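**Q** Right, I'll just put the structure down here and ask away after.
Numbering (the working numbering), first residue to last: 212 to 393.
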């Protein structure tokens, strides 16, 4: 599939002419992102490369895709719209950077794989625990039941009873050990 986007990019060269990369890449082949799931969708990309001062390059824009994931509530498949804003700085290996610039600057020694860069940004944009909206989830009838069961148990009168301390045995052993020392 021809998308008009290069397979490899050199951010330093792209910034020289303030290049904008706009187009789509197929999700297929982004194995880390898909984790074994099938996807025929596309990733929309809009990235702008501009020089920032004399030693750094600024890449800003957004990446967006409908990513297939597994709902961690019902364990069913779902499509998750992921849109991530991108703001990254690049510099060449010989760039002189200040102390403030070093932590957030990626040193580029060779061209980057655009697909890998996009996949990394999408991975960072995924939620830690993807779940359906409650009304769309097949497990929604179970949402909130656990706290209600505990409240019902307390209402039945179990809350007023004196519960046995599980550490009472240890206290007895300790007092016996204290008698042996004395």
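Glycine included, C-beta positions come from ideal geometry on N, C-alpha and C.
Bear in mind the structure is a predicted one, so any value in this text is a computation, not a measurement.
#1: Taking the alpha carbon of residue 274 as the point to measure from, which residue in 215, 253 and 381 has its own alpha carbon closest?
#2: Pick from 265, 385 and 292: whose alpha carbon is nearest that of residue 336?
#3: Taking residue 277 as the reference, give the member of 255, 321, 262 and 311 with the closest Cα.
#4: Go through its chain and collect everything with a Cβ distance to residue 295's Cβ below 8 Å, but skip five positions before and after it.
#5: Quick one: measure Cβ to Cβ for residue 329 and residue 303, integer angstroms, because I've assumed they're closer than 8 Å.
#6: Indicate whether residue 237 and residue 280 have their beta-carbon atoms separated by less than 7 Å.
#7: Can you tell me the Cα-Cα spacing of residue 213 and residue 235, whole angstroms?
#8: According to DSSP, is residue 213 helix, strand or coil?
#9: Residue 327 by DSSP, collapsed to three states: which one?
#10: Taking the alpha carbon of residue 325 as the reference point, which residue from 258, 251 and 249 has its own alpha carbon closest?
#11: Could you compute how far the alpha carbon of residue 248 sits from the alpha carbon of residue 343?
#12: Quick one: what's residue 230 bridged to in DSSP?
#13: How many angstroms separate the CA atom of residue 230 from the CA atom of residue 286?
**A** Answer, in terms of the structure:
#1: Sequence index remark: in the chain shown, residue 274 carries index 63 (1-based). Measuring from the Cα of residue 274, the nearest candidate turns out to be 253.
#2: For the purposes of this step, residue 336 is taken as the residue at position 125 of the chain shown. Closest by alpha carbon: 292.
#3: Counting from 1 along the chain shown, the entry for residue 277 is found at position 66. Just measuring C-alpha positions, the residue of 255, 321, 262 and 311 sitting nearest residue 277 is 255.
#4: What you label residue 295 is simply residue 84 of the chain shown in a count that begins at 1. So the qualifying residues of the chain are 273, 274, 275, 332, 333, 335 and 336.
#5: Position 118 of the chain shown, counted from the start, is the residue given in the question as residue 329. Position 92 of the chain shown, counted from the start, is the residue given in the question as residue 303. Incorrect: roughly 22 Å between the Cβ atoms, too far for contact.
#6: Taking the first residue of the chain shown as position 1, residue 237 is located at position 26. Taking the first residue of the chain shown as position 1, residue 280 is located at position 69. In terms of Cβ geometry, residue 237 and residue 280 do not form a close pair [threshold 7 Å].
#7: In the chain shown, residue 213 corresponds to position 2, counting from 1. In the chain shown, residue 235 corresponds to position 24, counting from 1. Model confidence at residue 213 stands at a pLDDT of 46, short of 50, so the residue's coordinates are unreliable and nothing is read from them.
#8: Counting from one through the chain shown, the residue named residue 213 turns up at place 2. Interpretation of residue 213 is limited by its pLDDT of 46, a score under 50 that renders its predicted location unreliable; the figure taken from the coordinates is listed afterwards. Looking at residue 213 - three-state DSSP - the assignment turns out to be coil, as it is neither helix nor strand.
#9: Here residue 327 refers to the residue found at position 116 when the chain shown is read from its first residue. Here residue 327 sits in helix by DSSP.
#10: One-based indexing of the chain shown puts residue 325 at position 114. When each option's Cα is compared against that of residue 325, the closest is 258.
#11: Mapped onto the chain shown, residue 248 falls at position 37. Mapped onto the chain shown, residue 343 falls at position 132. When only Cα atoms are considered, residue 248 and residue 343 end up about 17 Å apart.
#12: Indexing the chain shown from 1 puts residue 230 at position 19. Answer is none; residue 230 lacks a bridge partner.
#13: Residue numbering aside, residue 230 sits at position 19 when the chain shown is read from its first letter. Residue numbering aside, residue 286 sits at position 75 when the chain shown is read from its first letter. Answer to the nearest angstrom: the Cα atoms are 42 Å apart.
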